[in-house]
Amino acid sequence: MTLAELVRQDEYVWEVPKDEALGMHVPGRIFLSEALVKYLEPGAIQQVANVATLPGIQKWSLAMPDVHTGYGFPIGGVAAFDATEGVLSPGGVGFDINCGTRLLATTLFKEEIEQRIDEFLTALFQAIPSGLGSKGQLRLSETELNDVFSNGAKWAVNQGYGDATDLLHCESNGCMDDSDPSKVSPLAKKRGKPQLGSLGSGNHFLEIQCVDQICEKKAANLFGLKEGQVCIMLHSGSRGAGHQICTDYLKVFQGASRKYAIRLPDRQLACVPADSPEARDYFGAMAAAANYAWTNRQVMSFWVRNVVEQKFGTTATLVYDVAHNIAKLEKHSVGEERKEVYVHRKGATRAFDKDASYGIGQPVLIPGSMGTASYVLHGTKKAMAASFGSTCHGAGRVLSRKSARSSLTWKTVTENLRQKHIAIKTDDLSAVPEEAPEAYKPIDDVIDVVSKLGISKAVARLTPMGVIKG
Amino acid sequence: MSKYEFVEHTADVTFKAYGRDLNELFTNAAEALESTLVRLDGVEQKETATIEMTSDSYENLLYDWLAEPLVRFEVERFAVKKCIVKIAGFSLAAKCLGERIDPNKHIFNAEVKAVTYHNLQVKKNNVYHAEITLDL
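One line per chain: the protein sequences are A and B, in this order. Residue numbers for the first sequence follow the working numbering, beginning at 686 and rising by one. Residue numbers for the second sequence follow the working numbering, beginning at 10 and rising by one.
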């Protein structure tokens, strides 16, 4: 499917017309701009159309402006399925269940740490295990692991890795009640057990950032953000536990899709009726992985806070923690009706118009590529109407990892970072080009679309001072 | 006939594996996967692992098979240098030769999260071929 087949609805919305011959139940909608449309791949358009063929999909198959080709669902995809007539699809969540971002705000300002950035970064690098197959420092028993799966970030707080207010600043308070650890396979447990409290590798990272621009003062005040303030952003997920849970259920769903006679344009879209036993099992296991991921980020925050305390004698408060690979049972307006739907966000962030702890739109954390800006935004009413309360999740890739490695060297990329006064630490320098800014769309263009469209509003822009690439 | 080749995919890694028979196809696909994880020229054949499995189609068998070296790499820290695969019907028996991972000796390439079903098909023209996408 090509760009020529899309119908431009307005400045920021390109529609994939509903094609009944393809089996689409609803049209697709891709949020873009003149600046971003050139990056749109035919493969991603096809994947938006494919998702629209799944039973019970509501309103549209959506793609955020950071969209790119994935497998099954596009990355940047959002789809809501009726809670009784619709489906659940592990491919619509992805392997890294509850991959997400978390932002901690310190009481420090840029000039206080500028001269000590290498020392600060090295201490964080030593405190937080990162890289391929990284393992955490915790030694969990089987019971404790099940407790993590059941209680999420609350488990960590109960163990002393943070305080109760942290939970107020996490999506779903850092715990999905739907978790059922008995639906997690022994292999997923085996993979997850040694890895709790580790960053992982690939595009996972920890960054020391500083607020370089306040875009909306009132919201920034509420979130506790000031110009020049030093923050720490974490990007990580559910590690091997989540990967294995998705792998396990994709296998079950291959056969189950056939059993329920669901026609699939791509096997990675395997899905089952949302009220089936298979869906209940998957949702219980997925929620367990989501809880693991919130715990993982909570435990790493504890170590970040230790370093901040030891090095600078001060603290860091949790601004927010948000998932961008997840399925949630939520209520949304469909026509005149309020309906229960399973919203699948695959490389998309929840952006609700209300957050109980801050009293305004929910904080949304959008990391840029390595060496470029990240944003704090807040959710809006428009998001509730236009995107099932969702927005983008990052800059979105444009170069494959292979092309990035062949067109860029780690020396050039790290030299470019050095010239921008950004320190870097990693276990694997050879993988640095994969995450270079050139491999991604410009983050400012992506934020421009979600802001102008109104599905979230920029609150603050943060620029990196140091990065730990996982 | 090349054993495998990597093709462009924006986010992840896709490769095409080839084989004159299914045994060779599965062997080559495993090698492509392993080479995504670690530099194979540094891995020696010191230990043997035995893998047996049965599935209901060649595609599902390939998915299950490729998940094995991935899990062994992460859980048992075992890198596979060479596989000897025998397929009969939808059953597979394999011997995998390799060694325990030593971070001081081996050069890692990438963390692979999982094997996907995306476009997964086992086909035969002149030779057997399959396209596999890995999630990174």
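For every residue, glycine included, the Cβ atom is placed at its ideal position computed from N, Cα and C. Bear in mind that the values here come from a model prediction, so they are computed numbers and not experimental data.
Cβ-based neighbour list, residue i, same chain, cut-off 8 angstroms, excluding 5 preceding and 5 following
{"i": "A:Gly-1044", "result": "Leu-907"}
{"i": "B:Asn-32", "result": "Val-94, Lys-95, Ile-96"}
{"i": "A:Gly-1139", "result": "Thr-1065, Lys-1067, Ala-1068, Ala-1071"}
{"i": "B:Val-16", "result": "Thr-23, Phe-24, Lys-25, Glu-140"}
{"i": "A:Lys-1099", "result": "Contrary to the premise, residue 1099 of chain A reads as Thr rather than Lys in this sequence. Once the five neighbours on either side are set aside, the close Cβ partners of A:Thr-1099 are Ile-1109, Leu-1114, Val-1117."}
{"i": "A:Val-711", "result": "Lys-703, Ala-737, Ile-742, Gln-743, Lys-744, Trp-745, Ser-746"}
{"i": "A:His-1017", "result": "Gln-743, Ala-765, Arg-1023, Lys-1024, Val-1026, Val-1028, Met-1069, Phe-1073, Gly-1074"}
Whether residue i touches residue j by CB criterion (8 angstroms)
{"i": "A:Gly-882", "j": "A:Val-752", "result": "no"}
{"i": "A:Asn-831", "j": "A:Pro-866", "result": "yes"}
{"i": "A:Asn-1101", "j": "A:Gly-1056", "result": "yes"}
{"i": "B:Tyr-72", "j": "B:Tyr-126", "result": "yes"}
{"i": "B:Ala-76", "j": "B:Phe-82", "result": "no"}
{"i": "A:Ser-746", "j": "A:Gly-713", "result": "yes"}
{"i": "A:Gly-922", "j": "A:Ala-978", "result": "yes"}
{"i": "A:Tyr-756", "j": "A:Phe-987", "result": "no"}
{"i": "A:Ala-1080", "j": "A:Gly-1053", "result": "yes"}
{"i": "A:Val-989", "j": "A:Ile-917", "result": "yes"}
{"i": "A:Lys-820", "j": "A:Gln-732", "result": "no"}
{"i": "A:His-928", "j": "A:Gly-785", "result": "no"}
{"i": "A:Lys-878", "j": "A:Leu-949", "result": "no"}
Residues that DSSP places opposite residue i in a beta bridge
{"i": "B:Asp-117", "result": "It is worth fixing the name first, because residue 117 of chain B is Phe in this sequence and not Asp. The partner list for B:Phe-117 (beta bridge, DSSP) reads B:Val-47."}
{"i": "A:Cys-855", "result": "A:Asp-1006"}
{"i": "A:Asp-695", "result": "A:Val-698"}
{"i": "A:Asp-1130", "result": "BP columns for A:Asp-1130 are empty, so no partner."}
{"i": "A:Ser-1136", "result": "None; A:Ser-1136 has no bridge partner."}
{"i": "A:Leu-919", "result": "A:Arg-787, A:Leu-891"}
{"i": "B:Cys-105", "result": "B:Ala-58, B:Cys-92"}
{"i": "A:Arg-1023", "result": "A:Ser-1018"}
{"i": "A:Val-1098", "result": "Answer by DSSP bridge pairing: none, since A:Val-1098 is not bridged."}
{"i": "B:Tyr-137", "result": "B:Gly-28, B:Lys-133"}
{"i": "A:Pro-962", "result": "Per DSSP, none; premise fails for A:Pro-962."}
{"i": "B:Val-16", "result": "B:Thr-23"}
{"i": "A:His-1029", "result": "A:Ala-764, A:Ala-1012"}
{"i": "B:Tyr-67", "result": "DSSP output for B:Tyr-67 lists no bridge partner at all."}
{"i": "A:Pro-1157", "result": "The structure shown has nothing for residue 1157 of chain A, since chain A only spans 686 to 1155."}
{"i": "B:Thr-142", "result": "B:Thr-23"}
{"i": "A:Lys-1142", "result": "A:His-1063"}
{"i": "A:Thr-999", "result": "According to DSSP, A:Thr-999 bridges with nothing at all."}
{"i": "A:Tyr-1125", "result": "A:Arg-1082"}
{"i": "A:Ala-1108", "result": "A:Gly-1151"}
{"i": "B:Phe-87", "result": "B:Arg-109"}
{"i": "A:Ala-841", "result": "DSSP lists no partner for A:Ala-841."}
{"i": "B:Ser-100", "result": "B:Thr-63, B:Ala-97"}
{"i": "B:Ala-146", "result": "One cannot answer for residue 146 of chain B here, as it falls past the ends of chain B, which runs 10 to 145."}
{"i": "B:Phe-6", "result": "Residue numbering for chain B in the displayed model covers 10 to 145; residue 6 of chain B lies beyond these limits and cannot be assessed."}
{"i": "A:Phe-794", "result": "A:Gln-914"}
6 angstroms Cβ shell around residue i - same chain, five flanking residues per side excluded
{"i": "A:Ile-1091", "result": "What sits at residue 1091 of chain A in the sequence shown is Ser, not Ile. Answer for A:Ser-1091: no residue qualifies."}
{"i": "A:Met-1150", "result": "Ile-802, Ile-893, Cys-895"}
{"i": "B:Phe-117", "result": "Val-47"}
{"i": "A:Asp-1112", "result": "Gly-816"}
Assumed close pair residue i, residue j - CB separation to whole angstroms, cut-off 8 angstroms
{"i": "B:Thr-45", "j": "B:Glu-140", "result": "Incorrect: roughly 14 angstroms between the Cβ atoms, too far for contact."}
{"i": "A:Ala-1068", "j": "A:Ala-1041", "result": "Not confirmed; about 17 angstroms, so no contact."}
{"i": "A:Thr-999", "j": "A:Thr-791", "result": "6 angstroms"}
{"i": "A:Ala-729", "j": "A:Thr-754", "result": "5 angstroms"}
{"i": "A:Pro-750", "j": "A:Val-1131", "result": "5 angstroms"}
{"i": "B:Asp-65", "j": "B:Phe-99", "result": "6 angstroms"}
{"i": "A:His-1078", "j": "A:Thr-1148", "result": "Between A:Thr-1148 and A:His-1078 the Cβ distance is about 19 angstroms, and since that is not below 8 angstroms, they are no contact."}
{"i": "A:Ala-955", "j": "A:Ser-942", "result": "5 angstroms"}
{"i": "A:Asn-1177", "j": "A:Asp-951", "result": "With chain A covering only 686 through 1155, there is no way to say anything about residue 1177 of chain A."}
{"i": "A:Val-992", "j": "A:Leu-789", "result": "That belief does not hold up - the Cβ atoms of A:Val-992 and A:Leu-789 are roughly 11 angstroms apart, past 8 angstroms."}
7 angstroms Cβ shell around residue i - same chain, five flanking residues per side excluded
{"i": "B:Lys-91", "result": "Gln-54, Leu-106"}
{"i": "A:His-1063", "result": "Ala-904, Ile-1045, Gly-1046, Gln-1047, Pro-1048, Val-1049, Ser-1141, Lys-1142, Val-1144"}
{"i": "A:Val-869", "result": "Phe-834, Ile-930, Ala-970, Ala-973"}
{"i": "A:Lys-839", "result": "Leu-852, Gly-859, Cys-860"}
{"i": "A:Asp-1133", "result": "Ser-718"}
{"i": "A:Leu-1093", "result": "Pro-1118, Ala-1121, Glu-1123"}
{"i": "A:Tyr-697", "result": "Phe-716, Leu-717, Ser-718, Val-1134, Lys-1137, Leu-1138"}
{"i": "B:Arg-86", "result": "Arg-109, Ile-110"}
{"i": "A:Tyr-1125", "result": "Ser-1054, Ala-1080, Gly-1081, Arg-1082, Val-1083"}
{"i": "A:Glu-856", "result": "Asp-1006, Val-1007, Ala-1008, Arg-1035"}
{"i": "A:Pro-962", "result": "none"}
Any non-hydrogen atom of the ligand ZN within 7 angstroms of residue i CB
{"i": "A:Gln-811", "result": "No copy of the ligand ZN appears in this structure; indeed no ligand is present at all."}
Segments assigned alpha helix (DSSP H), at least 4 residues, entirely inside the region 711-776 of chain A: Counting only runs of 4 or more, we get 727-736.
Runs of alpha helix (DSSP H) wholly within the region 850-908 of chain A (minimum 4 residues, chain order): With a minimum length of 4 residues, the continuous alpha helix (DSSP H) runs that stay inside the region 850-908 of chain A are 871-877, 902-908.
Residue ranges of each beta strand (DSSP E) within the region 1031-1083 of chain A, 3 or longer: With a minimum length of 3 residues, the continuous beta strand (DSSP E) runs that stay inside the region 1031-1083 of chain A are 1048-1051, 1059-1064.
For a minimum of 4 consecutive residues, which ranges assigned as the alpha helix (DSSP H) are wholly contained in the region 913-958 of chain A? You should have 924-944.
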